[in-house]
Amino acid sequence: MIDAHPVKVVVASDGLVDAHPFDFHALGLAGVIDQLAVRMRSVGLKVALEVGHADAEVDRRSAILLYRATDELFRNILAHSLAQEVKVLLHVAPGTIQLSVQDDGTGFHGKRLLSEEAAEGGLRKLHRVIGRAGGYLDVESSTETGTCVTVQLPLD
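Going letter by letter, the sequence shown gives residues 1248 to 1403 in our numbering.
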């Protein structure tokens, strides 16, 4: 369950902006992610959401970051991947929460993208924001299997 206060996310300082806030308290983190999946499904993508430990406490900061990560990853899938299926895994373990978003799209050179100094796209910004929060973002991508992005954050 998320903090008892509704969260409205509108953040611009790091370049990741959300103009469509959700009430995390009412929906829970999995519910908010499922709401993000609605636009994916509306264009014909199959989106599966798998949640482990749905009743676990997730702090407000982590919930917001995972929401923003999911939103950015979904935007990338829609814009670039030509995917037909997307699988989202959300798992809570003691002291940590992990989100994985996997698609069956065209893939790209993810590791190189994150290490390029000049790259200032959303994924690069997301990588920086997650790192500042004490977490990590990992990209595995192949033209044969698509892309899997994993975000792991410490829980407060």
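Ideal placement from N, C-alpha and C gives every residue a C-beta, glycine not left out.
Since we're looking at a predicted model, the values are computed, not measured.
How many angstroms separate the CA atom of GLN1399 from the CA atom of VAL1376?
-> Against the sequence shown, residue 1399 aligns to sequence position 152. Against the sequence shown, residue 1376 aligns to sequence position 129. Cα atoms of GLN1399 and VAL1376: separation of roughly 12 Å, rounded to the nearest angstrom.
Give a yes or no on contact between the region 1278-1292 and the region 1380-1390, applying the rule of three or more CB pairs nearer than 8 Å.
-> With the cut-off at 8 Å, the region 1278-1292 and the region 1380-1390 do not touch.
Which two residues bound the contiguous alpha helix (DSSP H) that contains GLN1282?
-> Locating residue 1282 in the sequence shown gives position 35, where the first residue counts as 1. Counting along the chain, GLN1282 sits inside the alpha helix (DSSP H) bounded by residues 1271-1289.
Can the beta-carbon of LEU1336 be found less than 8 Å from the beta-carbon of ALA1277?
-> Numbered from its first residue, the sequence shown carries residue 1336 at position 89. Numbered from its first residue, the sequence shown carries residue 1277 at position 30. No, Cβ-Cβ distance for LEU1336 and ALA1277 is not below 8 Å.
ASP1351 - DSSP class collapsed to helix/strand/coil | For the purposes of this step, residue 1351 is taken as residue 104 along the sequence shown, with counting starting at 1. The answer is coil: DSSP assigns ASP1351 none of H, G, I, E or B.
When we look at the beta-carbon of GLN1349 and count the other beta-carbons within 10 Å, is it buried (16 or more) or exposed?
-> For the purposes of this step, residue 1349 is taken as the residue at position 102 of the sequence shown. Label assigned to GLN1349: buried.
Alpha-carbon spacing of ARG1237 relative to ALA1330, whole angstroms | Residue numbering for the chain in the displayed model covers 1248 to 1403; residue 1237 lies beyond these limits and cannot be assessed.
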